[in-house]
Amino acid sequence: MTEQTQFGFEDLKRILVDRVGLGEADVRNDPNATFDEMGLDSLAFVEIQLAMEQEYSFTIAEEDAAQIHTVQEAIDYVNRRLEEV
């Protein structure tokens, strides 16, 4: 388990680059950027979801995952879940 209390853009970027294979230049540091705009499909988002679950030791419900579309929504969601642990 990662001993961390805050999840930020750099953490999300690491997952997108290392786990999904997105190029660093393609990861947009824009809170409103959507995963669709970055060229990620639903399979890539499942990999992002799995990476977050494994690294931060919580499960993301499908209905929650369906509500995450932007960089900021992903960051906010993970931080909310980290506060619960």
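With the numbering used here applied, the sequence shown covers 3 to 87. Positions of the beta carbon are idealized from the N, C-alpha and C atoms, including for glycine.
Quick one: any contact between the stretch 60-68 and the stretch 21-39, if contact means 3 or more CB pairs under 8 Å? Between the stretch 60-68 and the stretch 21-39 there are fewer than three inter-stretch CB-CB distances shorter than 8 Å, so the stretches are not counted as touching.
Within 8 Å (strictly less), CB to CB, does Asn31 reach chain D? Checking the listed chains, one finds no chain D in this structure; it contains a single protein chain.
What distance in whole Å lies between the Cβ atoms of Leu18 and Arg50, which are believed to be in contact at a cut-off of 8 Å? The residue given as residue 50 occupies position 48 in the sequence shown. The residue given as residue 18 occupies position 16 in the sequence shown. Looking at the sequence shown, residue 50 is not Arg but Ile. Between Leu18 and Ile50 the Cβ distance is about 7 Å, and since that is below 8 Å, they are a contact.
Just checking, does the stretch 38-50 make contact with the stretch 11-26 on the three C-beta pairs under 8 Å criterion? Yes, since at least three Cβ pairs between the stretch 38-50 and the stretch 11-26 fall closer than 8 Å, the two stretches touch.
Segment limits, alpha helix (DSSP H) that includes Ile17: For the purposes of this step, residue 17 is taken as the residue at position 15 of the sequence shown. Start and end: Phe11 to Asp20.
Work out the CA separation of Glu85 and Ser59 for me, nearest whole Å. Walking along the sequence shown from the start, residue 59 turns up at place 57. Walking along the sequence shown from the start, residue 85 turns up at place 83. One C-alpha to the other measures close to 12 Å.
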